[in-house]
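Chains V and U, in that order, are what the protein sequence lines are. Using our numbering, the first residue of the first sequence is number 61, and each one after it goes up by one. Using our numbering, the first residue of the second sequence is number 7, and each one after it goes up by one. Where a beta carbon is used, it is the ideal one built from N, C-alpha and C, also for glycine. All figures in this text were calculated on a predicted structure; none of them were measured in a lab. First up is the structure itself, then whatever we jot down about it.
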Amino acid sequence: MPKLDRRLFLKGAALIGCSAAAHPLMNSMTFAALPGENRLVVIILRGAMDGLDAIQPYGDPMLGKLRRSLSVGPEGGALDLDGFYALHPRLELLLPLWQRGELAFAHAVSTPYRDKRSHFDGQDLLEAGTGNDLPVDWRVGGWLNRLLQATPGAAAETAYAVGVEQMRILAGKAAHLSWAPRASLKLSPQAQMLLEHVYHDDPLFRAAAQDAVQISGETTDIGRNPGPTADAEALAAFAASRLNAESRIAAFSIPGWDSHANQHAVLGRGLDRLAAAILKLREGLGPNWGRTAVLAMTEFGRTVRENGSGGTDHGTGGALLMAGGAIRGGRAFGDWPGLGEGQLYAGRDLMPVRDIRAYAAWAMHGLFGIGQDRLERTIFPGLDLGGDPAMLA
Amino acid sequence: MSFGFPELAAIRLGFGLSPLMPPPADVEAVLAGAANAGPGPEAVTTDTAREIATRFRLGLQALREDRPEPPEAQEAGRLLGTLPLEDLRRRVIRALDDPIGFGERLVQFWSDHFTVRAINKVNNALAMAFVDEAIRPHVNGRFEDMFLAADTHPMMLVYLDQTSSRGPNSPFARRRPQRHLGLNENLAREALELHSLGVGAGYDQKDVRELAELLTGLSFSHQEGFAFKRAWAEPGAETVLGQAYGGGRRGGLDDIRAAFRDIARRPETARHLSRKLAVHFVSDDPSEDLVGSMAAIWRDSGGDLPQVYRVMASHPDLASGLRQKVRQPFDFCVAGLRALGIRGERIARLELPEFRRAAWGPVEAMGQPWGRPKGPDGWPEGADAWIAPQTLAARINWSLRIPRLLLDELPDPRGMLVSAFGSTQSAELAWAVPKAESAAEGVALILASGDFNRR
Numbered sequence: 061m062p063k064l065d066r067r068l069f070l071k072g073a074a075l076i077g078c079s080a081a082a083h084p085l086m087n088s089m090t091f092a093a094l095p096g097e098n099r100l101v102v103i104i105l106r107g108a109m110d111g112l113d114a115i116q117p118y119g120d121p122m123l124g125k126l127r128r129s130l131s132v133g134p135e136g137g138a139l140d141l142d143g144f145y146a147l148h149p150r151l152e153l154l155l156p157l158w159q160r161g162e163l164a165f166a167h168a169v170s171t172p173y174r175d176k177r178s179h180f181d182g183q184d185l186l187e188a189g190t191g192n193d194l195p196v197d198w199r200v201g202g203w204l205n206r207l208l209q210a211t212p213g214a215a216a217e218t219a220y221a222v223g224v225e226q227m228r229i230l231a232g233k234a235a236h237l238s239w240a241p242r243a244s245l246k247l248s249p250q251a252q253m254l255l256e257h258v259y260h261d262d263p264l265f266r267a268a269a270q271d272a273v274q275i276s277g278e279t280t281d282i283g284r285n286p287g288p289t290a291d292a293e294a295l296a297a298f299a300a301s302r303l304n305a306e307s308r309i310a311a312f313s314i315p316g317w318d319s320h321a322n323q324h325a326v327l328g329r330g331l332d333r334l335a336a337a338i339l340k341l342r343e344g345l346g347p348n349w350g351r352t353a354v355l356a357m358t359e360f361g362r363t364v365r366e367n368g369s370g371g372t373d374h375g376t377g378g379a380l381l382m383a384g385g386a387i388r389g390g391r392a393f394g395d396w397p398g399l400g401e402g403q404l405y406a407g408r409d410l411m412p413v414r415d416i417r418a419y420a421a422w423a424m425h426g427l428f429g430i431g432q433d434r435l436e437r438t439i440f441p442g443l444d445l446g447g448d449p450a451m452l453a
Numbered sequence: 007m008s009f010g011f012p013e014l015a016a017i018r019l020g021f022g023l024s025p026l027m028p029p030p031a032d033v034e035a036v037l038a039g040a041a042n043a044g045p046g047p048e049a050v051t052t053d054t055a056r057e058i059a060t061r062f063r064l065g066l067q068a069l070r071e072d073r074p075e076p077p078e079a080q081e082a083g084r085l086l087g088t089l090p091l092e093d094l095r096r097r098v099i100r101a102l103d104d105p106i107g108f109g110e111r112l113v114q115f116w117s118d119h120f121t122v123r124a125i126n127k128v129n130n131a132l133a134m135a136f137v138d139e140a141i142r143p144h145v146n147g148r149f150e151d152m153f154l155a156a157d158t159h160p161m162m163l164v165y166l167d168q169t170s171s172r173g174p175n176s177p178f179a180r181r182r183p184q185r186h187l188g189l190n191e192n193l194a195r196e197a198l199e200l201h202s203l204g205v206g207a208g209y210d211q212k213d214v215r216e217l218a219e220l221l222t223g224l225s226f227s228h229q230e231g232f233a234f235k236r237a238w239a240e241p242g243a244e245t246v247l248g249q250a251y252g253g254g255r256r257g258g259l260d261d262i263r264a265a266f267r268d269i270a271r272r273p274e275t276a277r278h279l280s281r282k283l284a285v286h287f288v289s290d291d292p293s294e295d296l297v298g299s300m301a302a303i304w305r306d307s308g309g310d311l312p313q314v315y316r317v318m319a320s321h322p323d324l325a326s327g328l329r330q331k332v333r334q335p336f337d338f339c340v341a342g343l344r345a346l347g348i349r350g351e352r353i354a355r356l357e358l359p360e361f362r363r364a365a366w367g368p369v370e371a372m373g374q375p376w377g378r379p380k381g382p383d384g385w386p387e388g389a390d391a392w393i394a395p396q397t398l399a400a401r402i403n404w405s406l407r408i409p410r411l412l413l414d415e416l417p418d419p420r421g422m423l424v425s426a427f428g429s430t431q432s433a434e435l436a437w438a439v440p441k442a443e444s445a446a447e448g449v450a451l452i453l454a455s456g457d458f459n460r461r
């Protein structure tokens with residue numbers, strides 16, 4: 061399809077006699093060697109998922125003292141995982157993955173972000189992958205983009221930001237593609253050529269239009285299904301289709317985790333979407349699921365104590381969910397910090413025991429062979445990688 | 007190249023040039039335009055919103071009790087379902103018919119600054135009342151009045167969970183120890199972080215908590231309406247940014263009003279909001295001279311918004327920053343309709359499915375689903391947040407299809423080039439438009455161009 065588009069474009073250009081070489085579509089498409097067969101999917105859970113409710117450490121006797129209606133453990137319908145942790149009932153569809161060793165988690169993780177507990181700064185830092193020594197600033201770009209810069213043979217097709225919204229985690233110097241499951245663009249050759257001309261001196265519009273024409277030619281529109289999980293499933297299905305082709309990295313986000321009140325309903329809806337997205341990735345990837353790691357990350361966790369409105373407020377330590385055939389699943393990674401007196405962060409939040417970036421770094425090390433030095437200096441500047449948690453199968 | 011102020015003001019401070027209306031002649035005309043943004047005859051009130059919600063809830067209750075839904079409840083449910091579309095339609099119409107446009111741009115800016123979202127359908131009318139009651143009356147007044155009106159409006163109390171916050175030591179909470187009632191910090195945090203001081207300012211978790219305690223007592227329900235409930239309020243004084251409020255006999259809304267006034271007049275607020283206005287209207291990276299001048303007049307005038315707007319509209323950066331901003335999807339659609347010479351009454355006559363195709367669906371595909379921002383920080387400002395392959399495709403598709411949907415006869419693209427850009431027309435577009443194979447593609451080239459999508 062892209063070849064056809066270019067040929068038509070050439071014809072259109074020739075018809076009105078302008079210089080073909082001046083047009084960017086002429087020299088844009090480069091199909092470089094692929095960086096291997098492994099795949100990484102990052103799902104950003106925007107709004108701060110309550111890790112203590114998603115994966116309930118019911119074996120800690122303090123949990124029931126600090127929470128009355130939330131995180132009740134198996135007595136409240138949660139699914140026991142290992143005698144200490146239980147899976148929220150709305151993640152039930154993922155239990156078979158846990159049993160097959162395709163689902164894992166790390167509790168009490170966080171970015172270096174502390175104390176101000178702003179969603180927006182928290183998400184910016186999570187996607188930038190930087191520490192507190194650098195200003196929270198989008199110009200730094202995202203850590204998946206720096207991964208691309210460090211991957212020999214990475215081309216624009218290697219990474220996809222999926223969905224209508226911008227994914228800062230992929231922002232930066234290295235080319236990548238972005239597209240929404242329901243987008244499409246069909247232009248007459250002449251209109252395409254003229255549009256290329258008017259966009260020519262505006263790099264932002266020129267690059268976006270060029271990608272839109274190419275991607276629209278290569279992909280099929282994923283139809284609109286009804287239902288509350290349809291959007292998340294469409295994102296996952298589109299991501300899977302690109303990962304089955306030439307992409308190896310995909311990122312999208314699932315919003316709606318800010319459960320200040322009525323957490324049962326709010327978190328339940330979020331977990332339904334997350335479970336549906338993971339299952340859709342698994343289904344769509346087919347045999348490639350075995351070489352895929354999915355990391356579902358959120359900007360921070362929520363207060364250990366339940367608040368006065370059946371919810372929880374912004375906290376610090378949270379949970380990282382991992383899925384995929386490339387994950388050595390069916391187990392919890394990392395230490396449990398406890399919920400007792402003096403064990404909480406600032407007397408209110410789950411104490412982070414490990415930087416969430418370390419897990420992402422070890423995943424990139426295992427999947428793409430990125431060296432420790434590069435991970436600690438370039439991709440996550442200032443990160444102490446620590447020991448290998450051996451999370452990959 | 008230098009451009010006349012009228013064209014510049016229409017493009018940068020309004021919704022672009024129109025073949026039907028002249029651009030504002032000078033700064034005075036622009037500022038006078040801001041006075042047009044007050045609530046119109048179609049304004050929705052909290053009382054109306056409560057009445058519709060109450061009727062709708064009767065139906066929910068009937069269903070729970072296995073009774074048939076009363077017809078008036080069904081009717082309320084249908085109304086609530088279509089209100090967000092009608093809200094967008096009203097906003098498009100007012101923006102299209104506003105000769106200056108600056109006032110409606112301000113409504114868009116301030117409604118986004120104080121983002122609310124009706125998570126449940128039952129609050130769809132209340133979200134409209136928020137703009138008519140808390141934003142429109144104050145866009146041309148003092149910031150502190152808007153700050154108070156917005157952050158104590160029922161829709162904000164619901165959106166940021168203030169309605170479920172109780173003073174841990176309030177009489178209400180103490181009488182019900184088994185319910186473990188307590189604070190909800192959400193509104194207090196966003197009031198400081200997003201609505202006034204900005205996240206970089208020197209406040210801490212204790213300020214957030216004490217402000218949250220000060221805000222306890224604010225209540226709203228569709229049954230009872232808005233009230234300050236003394237029984238919910240945390241007793242004693244609260245210290246926010248070093249200043250103590252309450253604790254005496256006064257209490258209640260007066261203390262909240264005093265705290266909001268003080269926060270609104272802080273230099274950090276002047277700076278944060280001057281910069282935010284400059285970023286929205288002038289440049290993603292505004293000059294220190296512009297931001298500093300706006301912040302200075304903000305401080306000197308106690309946040310008198312028209313004076314701040316005047317500094318922005320008179321500043322040389324208005325000219326030098328032309329096309330540094332990308333029009334957000336709503337602004338783009340309005341600007342497109344305006345450039346096509348379409349009037350509000352044409353939009354008013356559209357059947358709902360047509361309006362869905364012409365505006366509701368497109369702004370979503372362009373990345374700005376109406377009334378559904380992701381979080382309380384509202385829509386992003388950066389050009390790169392709006393122009394990606396999938397969202398630019400939606401803008402191009404709109405440019406190709408929607409003019410034909412709305413007009414029996416398209417304008418001559420060569421004439422439209424002049425009426426839409428005036429002296430700001432670029433050589434690239436002047437070269438390309440006459441080569442289009444049809445009027446539809448010529449018009450689409452104009453609307454989809456970078457020149458038109460920028461301002």
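Please identify the residue among A239/U, A265/U, R271/U and D337/U whose C-alpha is closest to the C-alpha of F287/U.
Answer by Cα proximity: D337/U.
Pull up the distance between the alpha-carbon of A371/U and that of A243/V, whole angstroms please.
Each residue's Cα considered, the two are about 7 Å apart.
Find out if the Cβ-Cβ distance for the pair L123/V, P117/V is shorter than 8 Å.
Yes, Cβ-Cβ distance for L123/V and P117/V is below 8 Å.
Along the chain, where does the beta strand (DSSP E) that runs through W366/U open and close?
Premise fails: W366/U is in no beta strand (DSSP E) and is neither H nor E.
Does the beta-carbon distance from S117/U to T169/U come in below 8 Å?
No, they are not a contact pair.
Would the beta-carbon of D104/U be found less than 7 Å away from any heavy atom of the ligand ZN?
Absent from the structure shown: the ligand ZN. Ligands present: none.
Report the residues of the region 387-399 of chain U with a CB closer than 9 Å to any CB of chain V, ordered along the chain.
Listed by position, the residues of the region 387-399 of chain U near chain V (Cβ gap below 9 Å) are G388, A389, D390, A391, W392, I393, A394, P395, Q396, T397, L398 and A399.
Starting from F9/U, trace the alpha helix (DSSP H) both ways and give me its first and last residue.
Note, F9/U: premise wrong, no alpha helix (DSSP H); not H, not E.
Determine the burial state of D306/U: buried for a count of at least 16 other Cβ atoms within 10 Å of its Cβ, exposed for fewer.
D306/U comes out exposed.
Just confirm the distance between the C-beta atoms of G309/U and R148/U, as a whole number of angstroms; I'd bet it's less than 8 Å.
Right, the Cβ-Cβ distance comes to about 5 Å (below 8 Å), so this counts as a contact.
Could you tell me which of P315/V, A392/V, R362/V and G384/V sits nearest to G378/V, measuring between CA atoms?
Of the listed residues, the one whose Cα sits closest to G378/V is R362/V.
Determine whether the Cβ of L435/U lies closer than 8 Å to any Cβ atom of chain V.
Yes, contact with chain V.
In the structure shown, what three-state DSSP assignment does I17/U receive?
Helix.
For E351/U, which of I58/U, R97/U, Q249/U and E139/U has the nearest alpha-carbon?
It is R97/U.
Taking the alpha carbon of H119/U as the point to measure from, which residue in P379/U, A319/U, Y209/U and R182/U has its own alpha carbon closest?
The option with the nearest alpha carbon to H119/U is P379/U.
Which residues in chain V sit within 7 Å of Q211/U, going by Cβ to Cβ distance?
Here the neighbours are D175.
Look at the Cβ atom of T222/U, then the Cβ atom of R272/U, and state whether they are nearer than 8 Å.
No. Outside cutoff.
State the Cα-Cα distance for the pair A475/U and R333/U, rounded to the nearest angstrom.
Residue coverage of chain U in this structure runs from 7 to 461, which leaves residue 475/U outside it and unanswerable.
Output the distance between the C-alpha atoms of A264/U and G191/V, rounded to the nearest integer angstrom.
The straight-line gap from Cα to Cα measures roughly 38 Å.
In the structure shown, what three-state DSSP assignment does R180/U receive?
R180/U: helix per DSSP, three-state reduction.
Return the Cβ separation of H179/V and G381/U in integer angstroms, given the expectation that the two are a contact with Cβ distance under 8 Å.
Yes, H179/V and G381/U are in contact; Cβ-Cβ is about 6 Å, under 8 Å.
Under 8 Å between the Cβ atoms of I309/V and L100/V?
Closer than 8 Å, so yes.
Is A216/V closer than 8 Å to L237/V when the C-beta atoms are compared?
Contact flag set, yes.
Looking at the strands, I want to know which residues DSSP matches up with Y251/U.
E244/U.
Is the Cβ-Cβ distance between D332/V and T289/V less than 8 Å?
Yes, these two residues count as a Cβ contact at 8 Å.
The region 410-430 of chain U: which residues have C-beta closer than 7 Å to a C-beta of chain V, in chain order?
Flagged: no residues at all.
Run through chain V and tell me which residues come within less than 8 Å of R172/U, C-beta to C-beta.
Simply G368.
Quick one: is G389/V near chain U, going by C-beta distance under 8 Å?
No, G389/V does not count as interfacial toward chain U.
Taking Cβ positions only, does F180/V come closer than 8 Å to chain U?
Judged by the 8 Å Cβ criterion, F180/V is in contact with chain U.
Going by Cα to Cα distance, which pick from K233/V, G385/V, V364/V and L130/V is closest to W158/V?
Of the listed residues, the one whose Cα sits closest to W158/V is G385/V.
Taking the alpha-carbon of L91/U as reference, which of P29/U, L356/U and R18/U has the nearest alpha-carbon?
The option with the nearest alpha carbon to L91/U is L356/U.
Keeping to the same chain, check which residues put their C-beta closer than 8 Å to that of E196/U; ignore five residues upstream and five downstream.
The residues are L166 and P382.
Strictly below 7 Å CB to CB, what residues from chain U border I103/V?
The premise fails here: I103/V is roughly 15 Å from chain U at the closest Cβ pair, so nothing lies under 7 Å.
Count the other C-beta atoms from every protein chain shown that fall within 10 angstroms of the C-beta of P95/V, then say buried if there are 16 or more, exposed otherwise.
P95/V is buried by the Cβ-count criterion.
Which residue wins for smallest C-alpha separation from D93/U, given the options M162/U, P440/U and F361/U?
Per the Cα distances, F361/U.
Do you know offhand how far L406/U's Cα is from L453/U's?
Looking at the two C-alpha atoms, the distance is approximately 9 Å.
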